[in-house]
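This report refers to the structure that appears directly beneath it.
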Ligand code: KIV
Ligand code: ZN
C-alpha cells in the first residue's frame, strides 16, 4: 500500500477516552487495552498524558515497554516540562511519538491562555523543536482548530512543519463543525499551506453534535490520512469519533474512499468488550458495529431476506468485525489447560500462574451454577478477577437476601473493610436496595448512586447478569461493574467495585484545563 492509500489509525482511548468522567484506568488495565489495540494492528496508541500524575507517567512508560508493533504516543502541552516528561516516559518504546498542542482559536487564546496570537505561534514552534530532541516523530495540534481563523491556522501550521512536525492534527475540540465545513477546512489547509506535503494531515473530532464520525470521514475524503478515534467512541463529554465506525465505513465504502486502514477488524468486538468491561461504560445495544443488536434481525421480513441472501439487509459480515456465534466453549469438567487455551484464543493473557489459578477457581464456581460457559462468560469472569486484584479496601464476604411477596426485602451482609470483617442488616424497597443500604451501613461512603443498570451477558435465565453502577463522590464520577448468575450478588459486586475506585486517590492534571 503506498503512503497515500493508507489511512493511519491513531487510537486515543487511553488518553482522551480516559478523560470521560468515571473512565479512569489503572496501569495494568491500560497495558491490557494497549496489547489488544496492538493485536488489532492500530498504527499509533496514545497512551496518556505523562505530566498529569506519577501514575499517568508510569502507565505511559509501561505501555511503551509492553507494545512492540504499534507506535506509542504521549501527550504534552506546548511546555518544556510536559515535553521532557513525555520524552522520558517514552524512552524505552520501540517506536515513539510526542504529541504537543496549544490552542489557536480566538476564544481559547484570549480566555484560557491569555496570550496574543504571535506568542502562541512562537510557543508552538518552540515546542515542536523541543519534542524533536526526543524523537523525529512529532505531532502538533492547534487545539480548537474547528473554531480557529483559517489564516492564522495556515501560519501556525506552516511554521510548525518547518520546525519539524511530521503530523498535523486538526481537532474539532468542542464538536462544533458540520461535515461539509470540516472537510472543506482540511482541503483548504492542505491546498494553501506551501509545505503541507511534508506532513500527514490528521483529524480529531468530538461528538457533541453526534457528528464526530461524519466529520472525520469528510476530512478523509478531503485529504486527511490519519484519524484519531477511540474504542466505543469513549472520550471527553459526548466522546470522540468511534474507531469501529470510522474503520468499517472506510472499509465498506471502498467505492468512495481512495485509502484504507491496515487493521485486523476481527479484533474490533473483543476490544470493544474489553474496554467496556474495564471502564464500566456499557455499549448501547443499538450502537453501530459493536452493539448487541448491530447484526440482529428482529423483523420477519428482514430475517427472510437475510436467509435468502445476506446482502439484502447486511452491508458487512458480523464475523469480519469479530462477532462469533454464541458457542458453548467450556463446562464443569473442563480443566485448567482448557481454560488457559480458550483465554489465549480470546487474546486474554492472564500474566501470572497465580492469576490463572484464581480465574480457574472462579470458573469452577461458575460452572457449578451454570453448565454451559460461553466466551462472554469467560470475558466477564476475567474482568471480575482483575477488578478484585486492583484495589481491595472493600471485599464482599457474604450476602443473604430475603425477598417475599408482601414482605419488605432484607439483606444481611458481611464485608471485609480494610482487613476487618463487619456485618450489617438493612431493609429496602427491593433486594438490591436492601443490599446497597447494608453495604452503606458498613462503608459510609457518602457517595450518590447516579446510574444502575443490568444486562444479561448471554441468553437464558441461567445467564450471568452484568451490573453497572455510577457513583458520584465530591464531584468525581466512578463506574463499577460486577457479574454473577445471581443479580443481587452482581449488584453488590458492582457497587463494591465502584466504592474501591472512590477510595483510590486522584491527583492528576487535565491536559486541556489548568496550567498553560
Ligand atoms: O480535543 C482536543 O483538542 C484534544 C487535543 C489535545 C488534541 O484532545
Ligand atoms: Zn480531544
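Residue numbers (this note's numbering): 641 to 1156. By construction, the Cβ of each residue, glycine as well, lies at the ideal position given by its N, Cα and C atoms. Because the structure is a prediction, the values reported are computed rather than measured.
When C-alpha distances from residue 1095 are compared across 1073, 1065, 917, 869, the shortest belongs to 917. In terms of Cα proximity to residue 852, the closest of 1016, 886, 1067 is 886. Residue pairing by DSSP puts residue 844 in a beta bridge opposite 811, 868.
For a cut-off of 8 angstroms, the C-beta gap from residue 1075 to residue 1039 is around 6 angstroms, short enough to register as a contact.
Using a cutoff of 7 angstroms, the CB of residue 1086 does not count as near ligand 2, since none of the ligand's heavy atoms is closer than that. For residue 907, there is no enclosing beta strand (DSSP E), as DSSP gives it neither H nor E. When only Cα atoms are considered, residue 787 and residue 833 end up about 18 angstroms apart. Look at residue 1071 here: in three-state DSSP terms it is helix.
Using a Cβ-Cβ distance cut-off of 8 angstroms, the region 818-826 and the region 769-781 are not in contact, since fewer than three pairs of beta carbons, one from each stretch, lie closer than that value. The three-state reading of DSSP puts residue 1045 in coil, since its state is none of H, G, I, E or B. By the C-beta density criterion, residue 765 is buried, having at least 16 other C-beta atoms within 10 angstroms.
A distance below 8 angstroms separates the beta carbons of residue 737 and residue 713. Listed as beta-bridge partners of residue 1062 by DSSP are 1055. Relative to ligand 2, residue 910 has its C-beta separated by 7 angstroms or more from all heavy atoms. Note that the region 677-694 touches the region 711-726; at least 3 beta-carbon pairs, one per stretch, sit closer than 8 angstroms. Rounded to whole angstroms, the separation of the alpha carbons of residue 856 and residue 679 is 24 angstroms. Across the structure, residue 1102 and residue 1125 are spaced so that their CA atoms are roughly 6 angstroms apart.
With a cut-off of 8 angstroms on Cβ pairs, the region 977-988 is in contact with the region 1013-1023, counting three or more such pairs. About 6 angstroms separates the beta carbons of residue 870 and residue 883, which is inside the 8 angstroms limit, making them a contact pair.
Closest in alpha carbon position to residue 644, among 1123, 900, 961, 1143, is 900. Distances from the alpha-carbon of residue 1005 to those of 874, 1123, 752, 1099 put 1123 closest. One Cα belongs to residue 1114, the other to residue 960, and the distance between them is close to 44 angstroms. Listed in chain order, the non-local C-beta contacts of residue 1137 below 7 angstroms within the same chain comprise 1027, 1120, 1121, 1122, local neighbours out to five positions each way being set aside. With a cutoff of 7 angstroms, residue 905 does not count as near ligand 1, since its C-beta is closer than that to no heavy atom of the ligand.
Segment contact: the region 782-798 against the region 742-753, three or more CB-CB distances shorter than 8 angstroms; contact assigned. Annotation for residue 716: the continuous beta strand (DSSP E) segment containing it runs 711-717.
Shown here, residue 685 sits in a strand according to DSSP, grouped into three states. Listed in chain order, the non-local C-beta contacts of residue 692 below 8 angstroms within the same chain comprise 1148, 1149, 1150, 1151, local neighbours out to five positions each way being set aside. Around the C-beta of residue 770, 16 or more other C-beta atoms lie within 10 Å, and the residue is accordingly described as buried. Runs of alpha helix (DSSP H) with 4 or more residues, each lying fully within the region 643-704, are found at 667-679, listed in chain order. If you draw a straight line from the Cα of residue 840 to the Cα of residue 1079, it is about 53 angstroms long. For residue 880 against residue 696, the beta-carbon gap comes to about 18 angstroms, at or over 8 angstroms, which does not count as contact. Within the region 945-991, the complete alpha helix (DSSP H) runs of at least 4 residues fall at 976-985. Per DSSP, the unbroken beta strand (DSSP E) holding residue 738 starts and ends at 736-743. Ranking 791, 868, 761, 861 by CA distance to the CA of residue 812 puts 868 first.
Linking residue 954 to residue 932 through their CA atoms gives a straight-line distance of about 15 angstroms.
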